[in-house]
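Here the sequence shown is numbered in my numbering, starting from 428 and rising by one per residue. The next block holds one structure in the form of structure tokens; read it before the comments.
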Amino acid sequence: MRIDWPELLRTVTINSLPFHLPQDFHRPLPSGAVIMPDHSLARPVIHSVDWEIVKKTSQDPWYWIDNRILHLSPSPPATFRYFSKNWVIGSQQNPKQIITADDDSTIFPRYLLIKDIIWRWRRAQGLSFDDYLREFDSAVIAEKILFLGG
């Protein structure tokens, strides 16, 4: 995704550890995925070696995601914010990851999907696609400005 669509942002409560990430988890919210009860933000740990150090010695909140499991120090409760991979809305208003029916819709404007398909199809066919890609990129930027203000 080129844009963090607000409709994809999800929030769950962490009450116990280990916390298994939701099935629709795509990636954590940058700069503030884990909120502690005192409203402080837990910082992410990238490597297991670092996690072993901070979980034992740090008084500050940290989290580490490994193999779809979120580890947290100090212990829960906490709030976890993430982006869902379910960008499609089915006819029964059920969120999902793949378009499977003609009446499925997307969380973003339909014309963006059409512009994206056109440039990708042209590239796959070996046709000139640069203008179509630029048109798509411009449309994405315009949508981003509309809901994020720039």
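Using N, Cα and C, we set each Cβ at its ideal position, and we do this for glycine too.
Item to check | Unbroken alpha helix (DSSP H) run spanning residue 564, endpoints | outcome: Position 137 of the sequence shown, counted from the first residue, corresponds to residue 564. Unbroken alpha helix (DSSP H) run through residue 564: 557-575.
Next on the checklist: Using the three-state DSSP reduction, which class does residue 473 fall into: helix, strand or coil?
Outcome noted: On the sequence shown, residue 473 is found 46 positions in, with the first residue counted as 1. In this structure, residue 473 counts as coil in the three-state DSSP scheme.
Next on the checklist: Assuming residue 501 and residue 488 are in contact, meaning their beta carbons sit under 8 Å apart, how far apart are those beta carbons, in whole angstroms?
Outcome noted: Numbered from its first residue, the sequence shown carries residue 501 at position 74. Numbered from its first residue, the sequence shown carries residue 488 at position 61. Contact flag correct, Cβ pair sits at about 6 Å.
Next on the checklist: On the criterion of 16 or more Cβ atoms from any shown chain inside 10 Å, does residue 446 qualify as buried, or is it exposed?
Outcome noted: Taking the first residue of the sequence shown as 1, we reach residue 446 at position 19. Answer is buried; the Cβ neighbour count reaches 16.
Item to check | Inter-residue spacing [alpha-carbon to alpha-carbon] between residue 432 and residue 534 | outcome: Position 5 of the sequence shown, counted from the start, is the residue given in the question as residue 432. Position 107 of the sequence shown, counted from the start, is the residue given in the question as residue 534. Taking the straight line joining both Cα atoms gives about 8 Å.
Checklist entry - Should residue 472 be labelled buried (16 or more other beta-carbon atoms within 10 Å of its own) or exposed? => result Taking the sequence shown and counting its residues from 1, the one referred to as residue 472 is at position 45. Residue 472 is classed as buried because its beta carbon has at least 16 other beta carbons within 10 Å across all chains shown.
Next on the checklist: Can you tell me whether residue 541 is helix, strand or coil according to DSSP?
Outcome noted: For the purposes of this step, residue 541 is taken as residue 114 along the sequence shown, with counting starting at 1. In this structure, residue 541 counts as helix in the three-state DSSP scheme.
Checklist entry - Which one of 449, 507 and 454 has the shortest CA to CA distance from residue 466? => result The residue you call residue 466 lines up with position 39 of the sequence shown. Looking at the Cα atoms, 507 is the closest of the given residues.
Next on the checklist: Looking at the strands, I want to know which residues DSSP matches up with residue 548.
Outcome noted: By one-based count along the sequence shown, residue 548 stands at place 121. In DSSP, residue 548 forms no bridge with anything.
Checklist entry - Whose CA, out of 554, 499, 526 and 537, lies closest to the CA of residue 486? => result For this step, residue 486 is matched to residue 59 along the sequence shown. Taking only the C-alpha atoms, the option nearest residue 486 is 499.
Checklist entry - Going by DSSP, what residues sit across from residue 496 in a beta bridge? => result By one-based count along the sequence shown, residue 496 stands at place 69. In the DSSP output, where bridge partners are listed per residue, residue 496 has 447 and 493.
Checklist entry - residue 457 by DSSP, collapsed to three states: which one? => result On the sequence shown, residue 457 is found 30 positions in, with the first residue counted as 1. Note: residue 457 maps to coil in three-state DSSP.
Item to check | The beta strand (DSSP E) enclosing residue 429, as first and last residue numbers | outcome: Walking along the sequence shown from the start, residue 429 turns up at place 2. Segment: none, residue 429 is in no beta strand (DSSP E) and carries neither H nor E.
Next on the checklist: Which residue wins for smallest C-alpha separation from residue 464, given the options 505, 547 and 455?
Outcome noted: Taking the first residue of the sequence shown as 1, we reach residue 464 at position 37. The residue with the shortest Cα to Cα distance from residue 464 is 505.
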